[in-house]
Amino acid sequence: MTGWEQAMAIIRYIRTERSIRRLQQRAEDVECELILTENAVISSEREFPLAKVWDMSSRAATSRCWFLYLHTDEGVFAFRTEEQPEGFIGIYKSMKK
């Protein structure tokens with residue numbers, strides 16, 4: 250996110266990083282932020298221009314875990330979150346009108 254862009258909404262998500270050390274696979278959960286600005290959705294790894302974002306949706310995995318799906322012209326990207334994503338999605342949908 251560049252310094253002049255204002256965050257319209259932020260939701261924390263969990264990215265699992267996998268590594269191999271001494272012949273053992275390890276998985277570590279890292280908390281990141283998905284940031285919605287006037288022009289893009291920004292994750293820790295990518296920036297999605299809003300012009301290329303078609304929709305957002307979500308699905309509950311458990312009572313405390315949801316998947317937020319970002320539908321883009323490059324495919325669907327899933328973000329695992331422990332926050333209910335409806336507010337984030339609602340702000341996005343009101344911006345796209």
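Numbering of the sequence shown is given in the numbering used here, commencing with residue 250 and proceeding in unit increments. Every residue gets a Cβ at the ideal spot worked out from N, C-alpha and C, and that includes glycine.
Residue i, DSSP secondary structure in three states
i, result
"leucine 272", "coil"
"serine 306", "strand"
Nearest neighbour of residue i, chosen from the options [CA to CA]
i, options, result
"glutamate 254", "Val325, Glu296, Arg270", "Glu296"
"lysine 301", "Ser293, Phe326, Trp315, Arg308", "Phe326"
Distance between beta carbons of residue j and residue i, contact taken as under 8 Å
i, j, result
"arginine 261", "threonine 321", "In fact, because the Cβ distance is near 21 Å, the residues do not count as touching under 8 Å."
"leucine 285", "isoleucine 340", "6 Å"
Other residues of its chain near residue i: CB distance less than 7 Å, five sequence neighbours each side excluded
i, result
"aspartate 278", "Ile263, Thr265"
Residue(s) in a DSSP beta bridge with residue i
i, result
"glutamate 331", "BP columns for glutamate 331 are empty, so no partner."
"arginine 267", "Ala276"
Close beta carbons around residue i, own chain, < 6 Å, minus the five adjacent residues each side
i, result
"aspartate 304", "His320"
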